[in-house]
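**Student:**
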Amino acid sequence: MQHDRYGKIQSLCLGVVAWGVLATGALAALISNGGFETPTAPSTIGGKTYYQNQSFGEWTVWKGSIDLVRDDFTPDFDGFQSVDLNGYAPGGIYQDVSGLVVGQEYYLSFAISANVFYGLIDPVVQVRWGEGTSTEQLPVIGTFQWLASEHSGHSNSSMKWDTHVVAVTATASTMRLAFGSTSPDGVCGPVLDGVKLEPVPEPSSLVALGGTAVGLAVLSRRRFVRRRSDV
Ligand SMILES: [Ca+2]
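Laid out in structure tokens, this is it:
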């Protein structure tokens, strides 16, 4: 296991700003259904499974299958539902984000955890961001692993979450954002929730945010793994 110190520092700094942005609460959401609260999934183990090319809300499955699950099975990060990116096989979802300003930098934030119904695993999520409709061809902007060894007491009834923040730039007014599991075949994988995209604030706004954001940022634990080969 190789720790990426630069990645951690960068992630922390981005987290300071992003939490501050979120704290303002004044920005319109660019990501639709980022909390996966619709449609309502059945209250059963595995929830509702969606397969390649099927959609739920603004999200579409681009590989494998995923499970939309309710928190009575898998306590989620926010709201009542989240997504297990391993349905019956490693899956992935994408959303085309519109209304972006070309050249503008944004902070993408999200939370990941692990479905450990069949035992502890260290699931991995790849994040893609780019122009075009061929999701497999989009650049991978980050690979993130949730480690059981860092989450004592984690279970499907007491889930521990990692929050991540990544800076992305809009090169078109509509960009595709995709998440994909690279965990082994199986019905338990990385669980995703709380996906948000916020414009990077102007420098004057950063000054006004003050130290509260710093306090919030250091409370979050995160791991940034640049390449799948590092894990
Ligand atoms: Ca949610």
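First residue of the sequence shown: 178, per my numbering; consecutive thereafter.
Just so it is clear, CB atoms sit at the ideal spot from N, CA and C, and this is done for glycine as well.
Given the structure is predicted, the values throughout are model-derived calculations rather than measurements.
Beta carbon of residue 339: closer than 7 Å to some heavy atom of ligand 1?
**Tutor:** No - ligand 1 has no heavy atom lying nearer than 7 Å to the Cβ of residue 339.
**Student:** If you compare alpha carbons, which of 215, 285, 314 and 359 is closest to residue 340?
**Tutor:** Among 215, 285, 314 and 359, the Cα nearest to that of residue 340 belongs to 285.
**Student:** Give a single yes or no on whether residue 234 has its beta carbon closer than 7 Å to a heavy atom of ligand 1.
**Tutor:** For ligand 1, not one heavy atom lies less than 7 Å from the Cβ of residue 234.
**Student:** Where do the ends of the beta strand (DSSP E) carrying residue 341 lie?
**Tutor:** Note, residue 341: beta strand (DSSP E), 339 to 346.
**Student:** Under a Cβ-count criterion, where at least 16 other Cβ atoms within 10 Å of its own Cβ denotes burial, should residue 220 be classed as buried or exposed?
**Tutor:** When all chains shown are included, residue 220 counts as exposed.
**Student:** I need the DSSP call for residue 237, collapsed to helix, strand or coil.
**Tutor:** It is a strand residue.
**Student:** Please report the residue range of the beta strand (DSSP E) in which residue 216 lies.
**Tutor:** Taken as a continuous stretch (DSSP letters only), residue 216 belongs to no beta strand (DSSP E), as it is neither H nor E.
**Student:** Count the C-beta pairs between the segment 316 to 335 and the segment 261 to 272 that are closer than 8 Å, then say yes if the count reaches three, no if not.
**Tutor:** Too few Cβ pairs lie closer than 8 Å, so no.
**Student:** Which stretch, first to last residue, makes up the beta strand (DSSP E) that contains residue 306?
**Tutor:** Here the beta strand (DSSP E) through residue 306 covers 301 to 307.
**Student:** Leaving out the 5 sequence neighbours to the left and right, which residues in its chain are closer than 6 Å to residue 200 when beta-carbon positions are compared?
**Tutor:** Confidence in residue 200 is poor, its pLDDT being 45 and thus under 50, which makes the residue's placement too unreliable to answer from.
**Student:** Can you have a look at residue 362 and say buried or exposed, based on whether 16 or more other CB atoms are within 10 angstroms of its CB?
**Tutor:** Looking at its Cβ environment, which holds fewer than 16 other Cβ atoms inside 10 Å, residue 362 is exposed.
**Student:** Hey, is the segment 371 to 382 in contact with the segment 299 to 309, meaning 3+ C-beta pairs nearer than 8 Å?
**Tutor:** Touching, no, given that fewer than three Cβ pairs across the two stretches are closer than 8 Å.
**Student:** Once the 5 residues before and after residue 372 are set aside, which same chain residues still bring their CB inside 6 Å of it?
**Tutor:** Closer than 6 Å at Cβ, skipping near neighbours: 208, 211 and 287.
**Student:** For residue 255, which residues does DSSP report across the bridge?
**Tutor:** Bridge partners of residue 255: none, in fact.
**Student:** Hey, which residues come within less than 7 Å of ligand 1, measuring from Cβ to any heavy atom, in chain order?
**Tutor:** Spelled out in chain order, the answer is 212, 213, 214, 253, 254, 255, 256, 257, 258, 259, 370 and 371.
**Student:** Alpha carbon to alpha carbon, how far is residue 279 from residue 259? Give it in angstroms, no decimals.
**Tutor:** Cα to Cα, residue 259 sits roughly 30 Å from residue 279.
**Student:** By how many angstroms is the C-alpha of residue 217 removed from the C-alpha of residue 345?
**Tutor:** For residue 345 and residue 217, the distance between alpha carbons rounds to 30 Å.
**Student:** For residue 357 and residue 323, I'd like the C-alpha separation in whole angstroms.
**Tutor:** So the two alpha carbons sit approximately 14 Å from each other.
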